[in-house]
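**Q** According to this note's numbering, the sequence shown holds residues 7 to 191 in order. By construction, the Cβ of each residue, glycine as well, lies at the ideal position given by its N, Cα and C atoms. Structure in structure tokens, see below.
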Amino acid sequence: MTKTSGRQTADDWIQAGFRALATKGPSALKAEALARQIGTTKGSFYWHFADLGDFKARLLAHWEARAFSDIVDKLETTADPVERLRQLCILAVSFRDPAYGSSAAEPALRAWAREDGNVSEAVRQMDQRRLAYLDSLCRSCGLRRDDAATILYAAVIGLESMDSEPEMATQTILGLLDALGLPGR
């Protein structure tokens, strides 16, 4: 993922931040270390970000957009709520983008949240948004359990933390959907 030629963009820095967070934890979110990772100088970092606090805030904002809004926008093009729920669950347990630290990124964010109040608040808000969307989707699919969204969300977080193989994780989440009584298939 190292970019050694051309100019780095803010997104290049953000992606490097996610990779560093996923592999080394929040202490790796430093301009000089990230600059080495992407083959540039830390001057490029300060061209794009006012300071480390700005970088971290933009990293979180990027995560919020990418891990919720972009996904929901894409899913909303599917009219059938049952198919939309299946797609969401499969995507949640199988998506691995190495540019963003693969499946280790979100567990690393959750670990970071235990030591940083701003990150903790961002994760809390994301959990609320995701659960509200998932609950609405579960209800529109006619799932009988009031806690279906919580069960599914907990399973996704658990599978992510276990770094399960995408195929196994997909089968597990689809099996859970069946056990919860999702119609069709």
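Can you list, in chain order, the residues of its chain with a C-beta nearer than 6 Å to that of residue 17? Leave out the 5 residues immediately preceding and following it.
**A** Nothing meets the Cβ criterion.
**Q** Look at the alpha carbon of residue 134 and the alpha carbon of residue 27, and state the distance between them as a whole number of angstroms.
**A** About 23 Å.
**Q** What residues in its chain sit with their C-beta under 6 Å from that of residue 141, if we drop five residues either side in the sequence?
**A** The residues are 155.
**Q** Here's a check: name, in chain order, each residue in its chain whose Cβ is nearer than 7 Å to the Cβ of residue 139, leaving out the five neighbours to either side.
**A** 78, listed in sequence order.
**Q** Label residue 192 either buried or exposed according to how many other C-beta atoms from any shown protein chain fall within 10 Å of its C-beta, with 16 as the threshold for buried.
**A** Outside the displayed range of the chain (7 to 191) lies residue 192, so it cannot be described from this structure.
**Q** I need the straight-line Cα distance from residue 38 to residue 47, nearest angstrom please.
**A** Those two C-alpha atoms are separated by around 7 Å.
**Q** Suppose the cutoff is 8 Å on Cβ atoms and the five residues either side in sequence are ignored; what does the same chain contact list for residue 88 look like?
**A** The answer, listed in chain order, is 147, 188, 189 and 190.
**Q** Whose CA, out of 13, 98 and 102, lies closest to the CA of residue 49?
**A** Taking only the C-alpha atoms, the option nearest residue 49 is 13.
**Q** How about residue 129 and residue 179: are their beta carbons less than 8 Å apart?
**A** It is not a contact, given that the beta carbons lie outside the stated cut-off.
**Q** Pull up the distance between the alpha-carbon of residue 86 and that of residue 92, whole angstroms please.
**A** Near 10 Å, if we compare the C-alpha coordinates of residue 92 and residue 86.
**Q** Which runs of the alpha helix (DSSP H) spanning at least 4 residues fall entirely within the region 110-154, listed in chain order?
**A** List check, alpha helix (DSSP H) in window: 111-119 and 123-146.
**Q** Spatial neighbours of residue 55 within its chain, please: C-beta separation below 6 Å, excluding the five flanking residues on both sides.
**A** Hits under 6 Å: 61.
**Q** Grab the span of the alpha helix (DSSP H) containing residue 59 for me, first residue to last.
**A** Residues 58-70.
**Q** Going along the chain, which residues of its own chain have a beta-carbon closer than 7 Å to the beta-carbon of residue 8, five neighbours each way excluded?
**A** Low per-residue confidence applies at residue 8: pLDDT is 46, beneath 50, and the placement is therefore not dependable, though the value from the model is reported in the following sentence. Correct list, in chain order: 43, 44 and 45.
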